[in-house]
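Working notes, structure below.
Protein chains: 2
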Amino acid sequence: MTAAAPVRVGVLGAGVVGSQVVRLLREQGADLAARIGAPLELAGVAVRRPHRHPDIPADLLTTDAAALVARPDVDVVVEVIGGTRPTKDLLLTALRRGAGVVTANKALLAEEGPELYEAADLAGTDLYFEAAVAGAIPLIRPLRESLAGDRITRILGIVNGTTNFVLSAMTAGGDSYEYALKEATRLGYAEADPTADVDGFDAAAKAAILASVGFHTRVGAADVHREGISRVTAADVAAAADIGCVVKLLAICERIRRPDGGESVSARVHPVMLPRTHPLAVVDGAYNAVYVEAESAGRLMFYGPGAGGAPTASAVLGDLVAVARNRVAGGRGPRESAYADLPVESIGSVPARYHISLDVDDRAGVLAAVASAFAEAGVSISTVRQQGRGRDAALVVVTHSAPDADLASTVATLHQLPAVHRVTSVMRVMGEVA
Amino acid sequence: MTAAAPVRVGVLGAGVVGSQVVRLLREQGADLAARIGAPLELAGVAVRRPHRHPDIPADLLTTDAAALVARPDVDVVVEVIGGTRPTKDLLLTALRRGAGVVTANKALLAEEGPELYEAADLAGTDLYFEAAVAGAIPLIRPLRESLAGDRITRILGIVNGTTNFVLSAMTAGGDSYEYALKEATRLGYAEADPTADVDGFDAAAKAAILASVGFHTRVGAADVHREGISRVTAADVAAAADIGCVVKLLAICERIRRPDGGESVSARVHPVMLPRTHPLAVVDGAYNAVYVEAESAGRLMFYGPGAGGAPTASAVLGDLVAVARNRVAGGRGPRESAYADLPVESIGSVPARYHISLDVDDRAGVLAAVASAFAEAGVSISTVRQQGRGRDAALVVVTHSAPDADLASTVATLHQLPAVHRVTSVMRVMGEVA
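Chains as they are written, first to last, in the UniProt record's numbering: chain A, 1 to 434; chain B, 1 to 434.
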């Protein structure tokens with residue numbers, strides 16, 4: 001089998017992931033060759049500072065990424081540098097001349113996916129990106145291949161390890177957001193500038209990819225409603241615990257049936273209160289997990305390490321084996337499937353349920369005033385709990401499902417009510433809560 | 001895209017799974033066509049009693065399965081009748097003339113896989129079998145494609161819903177095995193003749209498939225050491241709870257490093273005491289889950305419904321889309337990968353840890369006698385707990401890891417010791433137990 005000509009691989013980047021990819025390519029050559037039917041050969045590694053990579057043979061290192069991707073002897077380009085510029089142009093160069101591409105670049109795919117897919121299509125070559133979502137957890141392949149005969153209705157994912165670590169710490173220790181983030185930074189779970197993680201940009205890019213693949217439509221990063229965790233308070237976490245929930249930052253992709261009978265999709269990232277009995281509720285620390293509901297398959301969950309050099313490299317190499325095998329055996333992997341062409345709902349029209357805690361005057365008539373605010377917005381209340389607290393009382397309201405915009409405007413109204421001293425916690429809830 | 005010639009499908013069987021496959025093929029035709037690039041067309045359905053299938057057009061029904069698989073206009077054969085005779089010959093006929101095959105038949109694959117693979121290979125066609133293990137849970141594709149660039153070291157699976165349901169009931173209610181099985185039968189979770197499930201045959205076939213795919217080697221059903229759940233007692237379940245464990249029937253596939261530096265694999269099915277903190281411990285009822293450890297990816301878990309008509313049909317249709325797409329676009333899916341050609345360890349040499357409960361005389365010297373039995377077999381004890389009970393005392397021993405044969409012979413010796421009244425529970429344990 002291994003008599004076939006080698007498949008030559010150019011790697012862009014030798015950082016946390018790239019260095020593992022290079023190591024594994026060299027250590028597991030025999031296994032990979034047997035699985036592909038031809039040896040993989042490292043043709044070059046593009047890095048910024050060659051002297052920082054003494055473990056890679058000097059003649060393989062180059063600072064000229066543009067030249068590497070244009071080399072006619074490079075059959076597959078592995079991209080693990082991230083960013084969208086100049087990465088997009090590098091990958092377009094590779095795809096247009098018919099090279100296969102394996103990328104872990106969620107931001108690039110979420111923003112420029114269609115142009116890359118089109119280039120791959122025109123050249124009849126492969127674009128694989130398992131590593132872009134949830135690290136080593138096989139997810140893209142299950143969604144676009146294993147479930148290709150099913151109708152996915154919903155994807156819920158814990159797809160950002162940093163925020164999950166912070167929220168887990170807040171839940172376990174009652175820590176403030178600021179303290180938990182500081183701990184995460186100290187332990188290496190958060191970057192010095194944590195914006196991409198804590199503000200939900202990273203999760204939103206992944207949500208765009210999951211929604212696109214799962215629903216056979218195009219959802220870009222800009223289509224994803226995004227709220228991060230920086231405004232989650234210890235009070236929110238405590239309020240969640242009071243109703244048997246934990247707070248998680250979820251990427252939520254849903255197929256929505258519109259009143260007119262048509263279909264749309266929603267893709268969003270925001271914190272939710274999730275019942276402790278939900279399979280995702282027990283996913284703690286830096287782990288990732290994605291929960292998928294499909295009409296025939298039912299409820300599936302995929303769980304594993306969502307980041308890290310070696311796990312991400314595992315996903316990259318799995319794709320590399322697939323692309324190389326396709327080149328050796330003929331054929332191609334699945335192309336972009338966006339035929340469904342579904343509109344994306346704005347957050348305001350998506351059905352949601354809210355949990356709202358209020359500090360209010362402890363006197364008759366307050367509940368009536370609060371209840372009226374909900375009623376006027378057409379929002380139906382599921383449960384109210386009233387707790388006396390000396391001078392003040394607290395009201396905890398969980399609503400029935402209503403359009404998100406109506407819920408948000410109700411919260412705005414509550415802020416204005418004279419009897420309401422403070423809105424102490426507002427968060428969406430999922431699933432059956434007490 | 002859908003201008004391509006239809007891909008014509010012959011279905012063998014229209015039982016619980018087959019009827020769902022036929023229904024979905026007809027209901028989701030437009031979606032499937034868009035994903036494949038050509039319409040799927042139902043060419044025929046082979047059944048035993050056509051009058052029992054009024055929902056399938058009469059002109060599609062046939063009782064002649066052999067003729068259906070031989071028809072040159074049938075491009076892909078979907079096999080959901082089960083059994084090995086005459087199923088094997090039917091599938092060989094289809095493969096040899098170049099038709100693709102999608103099967104959910106774990107027993108056939110575990111017993112006759114190599115011959116089927118070889119026929120597929122010679123004809124250059126596809127043999128897919130995602131539905132054969134753990135129903136709708138994408139598992140075969142993740143193992144043989146997503147993790148193709150990694151080294152899998154261990155696969156632990158709850159792959160039989162009937163036995164998991166029975167063990168969950170015994171755990172939750174303290175029920176006897178007999179009572180729990182009766183309940184499972186009444187509720188439809190166990191068949192009238194539950195032998196294939198409770199004696200571990202079903203799980204052993206799946207273990208053979210998982211080990212073969214995961215370790216790139218050949219493991220047949222006969223290579224799998226098999227112990228079912230029929231001897232699990234309420235005392236075992238209680239003893240497990242005492243050390244923070246639950247009893248699960250696991251399919252266990254391990255890569256083993258031999259003292260000589262070589263590698264082998266072990267594939268076995270038996271009840272184990274598993275710590276409650278293990279991700280598999282919380283998988284209850286008829287659900288399935290498979291836990292995979294790989295060198296780079298780390299620890300992954302896949303969870304979902306392991307059986308049922310619609311979930312299994314989802315897996316079958318995912319494969320059907322893949323096979324049809326390969327026919328339309330050119331190319332083939334992955335072939336059998338058995339290059340590693342690893343020997344299979346016999347159960348006796350596999351490292352294991354045992355939990356053993358004994359009723360013994362409550363007098364000095366008994367512990368010494370028992371400890372000697374372990375020492376003589378070279379088995380090291382991890383913990384001993386001694387509990388007085390009036391005339392009797394109970395000893396609970398958890399061993400360190402030792403070859404299974406040495407542990408088994410120690411148990412045999414214990415049965416002979418005059419001070420030992422009764423061996424009340426013997427079971428292997430996995431993971432860190434108290």
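We put the CB at the ideal spot given by N, CA and C, even for glycine.
For the region 133 to 148 of chain B, the beta-carbon criterion of a distance under 7 Å to any beta-carbon of chain A is satisfied by A136, I137, P138, R141, P142, E145, S146, L147, A148. Contact residues of the region 320 to 334 of chain B toward chain A are L320, V321, A322, R325, N326, A329, G330, G331, R332, G333, P334 (C-beta to C-beta distance below 9 Å). Ranked by Cα distance from S372/A, the first of L358/A, T413/A, V7/A is T413/A. Against chain A, the CB of F215/B has no partner CB under 8 Å away; the residue lies outside that interface. In this structure, DSSP gives L250/B an extended state, which the three-state scheme calls strand.
A check of alpha carbon separations from T93/A across K106/A, S346/A, G431/A, V78/A identifies V78/A as the nearest.
For chain B, the residues of the region 26 to 45 of chain A that bring a beta carbon within less than 8 Å of one of its beta carbons are Q28, D31, L32, A34, R35, in chain order. For the options V272/A, G306/A, T424/A, R327/A, the alpha carbon positioned closest to that of A352/A is the one of V272/A. Under the rule that a run must span 3 or more residues, the beta strand (DSSP E) segments found entirely inside the region 241 to 298 of chain B read 245 to 257, 263 to 275, 287 to 294. Annotation for L127/B: L95, V101, L116, Y117, A120 place their beta carbon closer than 7 Å to its own, counting only its chain and skipping 5 residues before and after. Unbroken alpha helix (DSSP H) stretches of 4 residues or longer found wholly inside the region 127 to 210 of chain B: 161 to 173, 177 to 186, 195 to 198, given in chain order. Just so you know, the alpha carbons of L32/A and K248/A end up roughly 38 Å apart. Taking a cut-off of 8 Å on C-beta distances, the region 41 to 57 of chain A touches the region 7 to 19 of chain A, as three or more cross pairs fall below it. Against chain A, the beta carbon of L156/B has no neighbour under 7 Å; the closest one sits roughly 13 Å away.
The C-beta distance from L342/A to V265/A rounds to 5 Å, short enough to meet the 8 Å contact threshold. Per DSSP, the beta-bridge partners of I356/B are V397/B, V426/B. The beta carbon of I381/A is closer than 8 Å to those of A371, F374, V397, V398, T399, H400 in its chain, skipping five residues each way along the sequence. The beta-carbon of R258/B is placed no less than 8 Å from the nearest beta-carbon of chain A. Bridge partners of A402/B according to DSSP: A352/B. For A66/B, the uninterrupted alpha helix (DSSP H) run begins and ends at 65 to 70, by DSSP. Against chain A, a Cβ distance below 9 Å from Y354/B picks out nothing, because the smallest value is about 29 Å. If you compare the alpha carbons of L91/B, A169/B, D242/B with that of P114/B, the shortest gap goes to L91/B.
By the neighbour-count criterion, in which a residue is buried when 16 or more other Cβ atoms sit within 10 angstroms of its Cβ, T277/A is exposed. By the C-beta criterion, the region 128 to 135 of chain B is judged to be in contact with the region 311 to 329 of chain B, since at least 3 inter-stretch pairs fall below 8 Å. Counting only runs of at least 4 residues, the region 16 to 79 of chain B fully encloses the following alpha helix (DSSP H) elements, listed from N- to C-terminal order: 16 to 27, 29 to 36, 65 to 70. With respect to the C-alpha of V292/B, the residue from G304/A, A289/A, V283/A having the closest C-alpha is G304/A. The DSSP-derived three-state label of R327/B is helix. V232/A carries a coil assignment under DSSP once its states are collapsed to helix, strand and coil.
The three-state reading of DSSP puts Y303/A in strand, counting E and B together. In this structure, DSSP gives H415/A a helical state, which the three-state scheme calls helix. Taking C-beta atoms under 8 Å as the contact rule, V323/B and G37/B fail to qualify, at a distance of about 13 Å. Scanning its chain for C-beta atoms nearer than 8 Å, with the 5 sequence neighbours on each side dropped, one finds around A190/B the residues T162, F165, V166, L181, A184, D197, V198, in chain order. E111/B places its beta carbon less than 8 Å from that of A221/B. Of A70/A, S357/A, A402/A, the smallest CA-CA separation from A240/A is found for S357/A. Put simply, of Q387/B, V47/B, I56/B the residue whose alpha carbon is nearest the alpha carbon of D359/B is Q387/B. Across the region 292 to 306 of chain A, CB contacts with chain B closer than 7 Å involve A294, S296, A297, G298, R299, L300, M301, F302, Y303, G304, P305, in sequence order along the chain.
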